Every structure is written in C-alpha cells, then in structure tokens.
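Remarks on the structure that follows.
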Ligand SMILES: Nc1ncnc2c1ncn2[C@@H]1O[C@H](COP(=O)(O)OP(=O)(O)O)[C@@H](O)[C@H]1O
Ligand SMILES: [Mg+2]
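Numbering (my numbering), first residue to last: 11 to 411.
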C-alpha cells in the first residue's frame with residue numbers, strides 16, 4: 011500500500027509563486043514507488059484546487075486556464091476526516107478526491123507558513139510535515155522569534171519593534187525611541203514578511219519614515235534592527251525533531267546590493283527560476299572550523315528553542331567588523347526545502363522527504379498519548395451545580411448563562 015501524500019502549495023502570500031517551485035521540486039523528487047501524490051494548489055485568493063495540470067510549472071503562466079483544467083477542492087476541519095473533497099460532484103462521481111495519509115505543506119509566507127495552515131491540519135487530525143502551529147507562528151514573526159531566542163541566550167542583533175497603530179498614534183516618540191536605542195543605520199522589516207519583501211535600510215530620519223511607511227503597507231507589526239554594515243550571511247538548515255536534530259553544511263548566499271533581495275534569491279540564475287535553488291551561493295561556506303561549529307550548534311539550539319520539527323533553515327549574520335555571529339531568522343518551510351544543502355550533507359531530496367514524512371507520523375503518534383479529557387463531564391457531576399443543585403449558572407436559578 012502506498013502512502014497518499016497531499017502536497018499543498020501556493021497560498022495567499024507574496025511567495026505564492028516560489029511555493030509552486032518548491033512543491034514542484036519536491037514532487038519530482040518523491041519516490042513514486044512509496045507515495046501516491048495529490049497536488050493541492052491554493053490560489054492567491056485562497057481557493058483550493060487539485061489536478062494533474064498543477065504538476066507542470068509552465069501551466070502557471072496562465073492561471074485562469076490552469077484552474078479550468080483542475081477541480082476545486084476542500085478539506086473539512088473535523089477531527090479524523092482526512093478526505094479531500096470536490097466542490098462540484100458529477101452525477102456518478104464520489105465527492106472524495108482522495109483520502110490523504112499525510113500532508114506536505116510546501117507553502118511559504120503569510121497565511122501559509124505562519125501556523126494558519128498547520129492549524130487546519132491539527133483540526134483535521136492529519137499528520138503533516140514540518141513545524142507545528144506554534145513553532146510556525148513564532149518562526150514567521152520576527153519579533154516573537156527574536157524575543158524567544160534572546161530569552162534562551164541565543165544571540166540576535168539589537169532591535170526594537172512597534173505596531174502600525176503605535177506608529178500612527180505616537181510617531182515622534184517611536185522615532186525617538188529607535189534613534190536612542192539603535193541610532194543609524196537601521197534596517198526596517200515587516201515582522202512577518204519573507205523573501206526580502208517590504209524591507210529597506212534607513213540611514214537617517216527621512217529614510218526611516220519612508221521605510222516604516224513602506225513596511226506597514228505589508229503588515230501591522232514592524233521590527234527595526236541595527237544595520238550590520240560589514241556583514242556576511244550564512245545559512246544552515248536543520249533536519250529532525252527534539253530528539254535528533256542534524257545540521258546541514260553551511261552556505262553563503264551572494265547578494266548584489268545592500269540587502270539580499272528577492273531578485274538575488276530567485277532571479278539570479280538567468281533562465282526560469284528554480285526558487286531558492288537559483289540563488290548564487292558559496293557552498294559549503296568557506297569559514298573557519300570554529301565558526302562553522304558555532305553556527306551549526308546555534309542552528310540546532312534555535313530549532314529546539316522554537317520547538318521545530320522537520321526541516322528548517324536558520325539564517326545567520328556575521329558582523330565582519332567584530333566577528334560576532336547572530337541569528338537573523340528562521341525559515342520554517344525553507345525555499346526548495348533546502349534540498350541543495352542536504353545534497354551536500356549526504357542526504358538526497360528523495361531521502362529528505364522520506365525523513366520529513368517519518369517525522370510527521372512520529373509527532374502525530376506522540377500527540378496521540380496526550381490527554382484531551384480531564385475530570386470527566388462536569389455537567390454530569392452532581393457537585394458541579396447541575397440542574398438538581400441549582401448552581402450559579404444552573405437551570406433552577408435561571409441564570410444569565
Ligand atoms: N540586521 C541586518 N543588517 C544588515 N542587513 C540585514 C540585516 N537583517 C537583514 N539584512 C539583509 O536583509 C535581507 C532580508 O532580511 P531577512 O530578515 O532575512 O528577511 P526575509 O524574511 O525577507 O528573508 C537579509 O538576507 C540581509 O541581506
Ligand atoms: Mg531572509
């Protein structure tokens with residue numbers, strides 16, 4: 011019996027297209043002897059579709075035509091129902107497209123990678139690869155992520171943060187706070203963006219005002235960090251779970267300007283983008299052994315501190331002026347699932363997916379032992395103020411509730 015894997019991609023996210031590439035790469039790599047694959051594409055407006063046509067990346071040039079070749083589908087958020095249903099059922103057709111055994115979210119960005127999709131999987135009670143809801147949410151929000159890491163003694167650059175309401179409400183105080191805490195230059199980021207979208211450096215107050223307005227056009231929470239001027243970026247992926255986590259080799263992505271841009275990440279290969287595979291990179295990173303060891307250890311510490319599972323990529327900043335190494339961010343569903351890092355680390359893409367699926371089943375099994383009932387039915391217990399005793403909220407008292 012093969013395992014039926016629902017591979018989910020797209021989504022209401024600025025990284026919708028990148029996710030199509032990640033999913034396509036993963037599907038190509040999956041062992042077809044072991045897995046039946048059900049591709050599920052979430053459109054930019056949030057509708058779900060399934061169909062063979064989703065497997066050809068060229069079809070995404072004309073999404074209207076693509077969707078006309080697919081069928082609209084949905085899942086029911088009811089525990090134990092792991093079916094994928096069709097919205098429009100033919101006369102002699104089942105309403106079930108597939109019964110899924112496990113889901114592989116190949117989604118990036120907001121409304122996808124941030125725990126929202128993982129929450130649906132929890133509701134359905136279906137095993138899914140990668141981080142759980144909380145790890146995904148914390149991993150996506152650069153503010154809570156940095157708070158947790160700081161609390162755990164893992165080094166992050168100095169930062170401050172505020173909401174768009176605070177910005178509108180007391181701009182002067184907020185600007186003064188940024189200037190006194192960090193000075194210039196700073197880098198301004200939407201708290202939950204990805205792929206460098208919405209991020210700008212600011213070298214003075216005027217640029218800060220512009221950069222914050224730009225960031226809040228994408229989201230409601232903004233993080234401002236000290237801009238590390240002489241920086242080297244190093245990425246390291248981690249695979250596993252709490253019990254066993256393995257760091258990959260490190261890579262140095264190559265950037266063309268002040269920040270590693272969307273173009274550097276996805277469009278520097280010339281021909282059709284291969285997602286994160288397109289980034290120009292030095293791999294393995296040419297670093298002193300002690301820096302590599304520090305980064306690999308800090309990557310695993312970060313993975314554990316945030317309670318991650320599956321594969322995540324942890325991105326570091328080395329301040330070349332001081333030699334200090336900081337965690338910049340975690341990507342809980344990294345572009346291309348970081349398979350190019352694992353290939354260098356002796357795990358091919360197909361094996362990587364096998365491991366992700368194993369870890370997903372293991373987590374589901376572990377959580378099966380956790381209590382979801384406590385103390386029986388309080389409404390049936392005599393002492394609990396049921397109708398006989400007429401407690402505060404009981405029928406006899408005719409209470410408000
Ligand atoms: N504190 C910083 N100092 C200097 N450059 C930075 C800093 N933080 C981020 N960058 C640059 O901006 C890029 C995008 O920032 P990052 O936090 O990784 O956001 P994203 O989630 O969009 O990838 C980084 O790859 C790096 O080039
Ligand atoms: Mg980044």
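Here a beta-carbon is modelled for each residue, glycine too, at the ideal position from N, C-alpha and C. Remember, predicted model here, so these are calculated numbers, not experimental data.
Could you tell me whether the Cβ atoms of residue i and residue j are closer together than 9 Å?
| i | j | result |
| --- | --- | --- |
| residue 60 | residue 101 | no |
| residue 201 | residue 237 | no |
| residue 168 | residue 192 | yes |
| residue 343 | residue 190 | no |
| residue 134 | residue 96 | no |
| residue 231 | residue 153 | yes |
| residue 104 | residue 245 | no |
| residue 20 | residue 54 | yes |
| residue 388 | residue 112 | no |
| residue 311 | residue 252 | no |
| residue 23 | residue 123 | yes |
| residue 173 | residue 120 | no |
| residue 125 | residue 157 | no |
| residue 315 | residue 197 | no |
| residue 322 | residue 225 | no |
| residue 234 | residue 188 | yes |
| residue 57 | residue 81 | no |
| residue 210 | residue 216 | no |
From the DSSP output, read off the bridge partner residues of residue i.
| i | result |
| --- | --- |
| residue 243 | 327 |
| residue 94 | 108 |
| residue 115 | 18 |
| residue 236 | 196 |
| residue 260 | 246 |
| residue 49 | 17 |
| residue 172 | 232 |
| residue 60 | 50 and 81 |
| residue 255 | 250 |
| residue 138 | 113 |
Is any heavy atom of ligand 1 found at a distance shorter than 8 Å from the C-beta of residue i?
| i | result |
| --- | --- |
| residue 307 | no |
| residue 146 | no |
| residue 204 | yes |
| residue 239 | yes |
| residue 211 | yes |
| residue 244 | no |
| residue 235 | yes |
| residue 325 | yes |
| residue 344 | no |
| residue 231 | no |
| residue 115 | no |
| residue 199 | yes |
| residue 156 | no |
| residue 106 | no |
| residue 67 | no |
| residue 49 | no |
Do residue i and ligand 2 come close, with the Cβ less than 8 Å from some heavy atom?
| i | result |
| --- | --- |
| residue 347 | no |
| residue 339 | yes |
| residue 299 | no |
| residue 270 | yes |
If contacts are defined as beta-carbon pairs under 8 Å, then residue i and residue j qualify, I think. What distance do you get, rounded to the angstrom?
| i | j | result |
| --- | --- | --- |
| residue 25 | residue 205 | 5 Å |
| residue 263 | residue 243 | 6 Å |
| residue 166 | residue 336 | 6 Å |
| residue 260 | residue 303 | In fact, because the Cβ distance is near 10 Å, the residues do not count as touching under 8 Å. |
| residue 35 | residue 346 | 6 Å |
| residue 110 | residue 136 | 6 Å |
| residue 13 | residue 42 | Contact doesn't hold; Cβ gap of about 11 Å is too wide. |
| residue 285 | residue 31 | 4 Å |
| residue 369 | residue 48 | Residue 369 to residue 48, Cβ: 20 Å. No contact. |
For residue i, would you say it is in contact with chain D, using Cβ-to-Cβ distances shorter than 9 Å as the test?
| i | result |
| --- | --- |
| residue 357 | Absence of chain D from the displayed structure is noted, only one protein chain being present. |
Original post:
Can you list the beta strand (DSSP E) stretches of 3 or more residues lying completely in the stretch 191-227, in chain order?
Top reply: The stretch 191-227 contains these whole beta strand (DSSP E) runs: 196-200 and 210-212.
**OP:** Please list the segments of the alpha helix (DSSP H) lying wholly inside the stretch 284-348, counting only runs of 4 or more residues, in order along the chain.
**Re:** The stretch 284-348 contains, as complete alpha helix (DSSP H) runs of 4+ residues, the segments 299-315 (chain order).
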